[in-house]
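One gets this note's numbering by counting positions in the sequence shown from 1 and adding 3 to each.
Backbone N, C-alpha and C fix where the C-beta goes; we use that ideal spot for every residue, glycine too.
This one's a predicted model, so the numbers in the text were calculated from it and none came from an experiment.
Accompanying notes for the structure given below.
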Amino acid sequence: MAERGCLKDGYFKNLLVDNVVHGLNSRKTTTGLDTSSRSILASESGNTFFLKQGEISTTLTLPPPGTGLEYTFIVNKKPASGINYLIKVHNDLTTHLRGSVACSDDQSSHNGVHHETGKRLDFKNYGSFEAQVGDWVNIISDGEHWYYSGSCHIRNSIGVL
Numbered sequence: 004m005a006e007r008g009c010l011k012d013g014y015f016k017n018l019l020v021d022n023v024v025h026g027l028n029s030r031k032t033t034t035g036l037d038t039s040s041r042s043i044l045a046s047e048s049g050n051t052f053f054l055k056q057g058e059i060s061t062t063l064t065l066p067p068p069g070t071g072l073e074y075t076f077i078v079n080k081k082p083a084s085g086i087n088y089l090i091k092v093h094n095d096l097t098t099h100l101r102g103s104v105a106c107s108d109d110q111s112s113h114n115g116v117h118h119e120t121g122k123r124l125d126f127k128n129y130g131s132f133e134a135q136v137g138d139w140v141n142i143i144s145d146g147e148h149w150y151y152s153g154s155c156h157i158r159n160s161i162g163v164l
């Protein structure tokens with residue numbers, strides 16, 4: 004077993020064992036998302052991103068999939084009418100987002116859980132589909148694809164395209 008890393012304050016940080024990085028997910032918070040477009044870095048794995056622009060459509064691009072990479076995105080300011088918060092995969096034709104979002108107001112036969120596969124997650128505010136403060140998704144990679152789970156207040160306010 005090939006190991007590489009350092010022990011600091013009793014915790015391993017970014018320990019590489021058999022080509023899998025361990026210890027990336029020490030919880031951090033990024034609150035200053037103040038641009039309309041931004042690439043998320045692999046080194047930001049474990050971060051929680053608060054989507055709070057409100058008046059600005061925002062596109063966040065995930066890095067290429069890497070085993071154990073994980074990010075959480077939480078709406079903490081409702082987007083204005085016509086504004087979207089997009090989270091998309093990097094430019095790769097074979098990488099997808101796969102998963103489900105549970106919506107609290109959905110009374111349909113599938114019990115409020117929507118399973119979808121696509122290239123981007125869309126927190127939207129169009130018509131009756133309004134992302135709300137507290138809507139969230141967690142995204143994690145197996146090294147080949149991205150997998151997400153999340154929760155929203157209003158059905159279809161988080162979509163996958």
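Next item on the list: Have a look at the DSSP bridge pairing and note the partners of D125.
Entry: L89 and G162
Checklist line | Member of S42, L63, I86 and E147 whose CA lies at the smallest distance from the CA of R123 | finding: L63
Notebook entry, point to check: For H148, does the three-state DSSP call read helix, strand or coil?
Noted result: coil
Checklist line | the segment 74-83 touching the segment 45-58, judged by at least three CB pairs closer than 8 Å | finding: yes
Notebook entry, point to check: Shortest alpha-carbon distance to G146 belongs to which of S107, A83, A45 and N128?
Noted result: A45
Item checked: Assigned exposure category for L65 - 16 Cβ within 10 Å defines buried -> buried
Margin query: Which residue wins for smallest C-alpha separation from P68, given the options I86, T61 and S48?
Written below: S48
Note to self: Please classify V92 as buried or exposed, where buried requires at least 16 other C-beta atoms within 10 Å of its C-beta.
What the structure shows: buried
Notebook entry, point to check: Taking DSSP as the reference, what is the three-state secondary structure of E133?
Noted result: strand
Checklist line | Backbone secondary structure at A45 - three-state DSSP | finding: helix
Notebook entry, point to check: Do D108 and I157 have their C-beta atoms closer together than 8 Å?
Noted result: yes
Next item on the list: Tell me where the beta strand (DSSP E) around T98 begins and ends.
Entry: No beta strand (DSSP E) contains T98, which DSSP labels as neither H nor E.
Note to self: Rounded to the nearest angstrom, what separates K127 and G85 at their Cα positions?
What the structure shows: 7 Å
Checklist line | G203, DSSP secondary structure in three states | finding: With the chain represented from 4 up to 164, any question about residue 203 goes unanswered, as that position is not in the structure.
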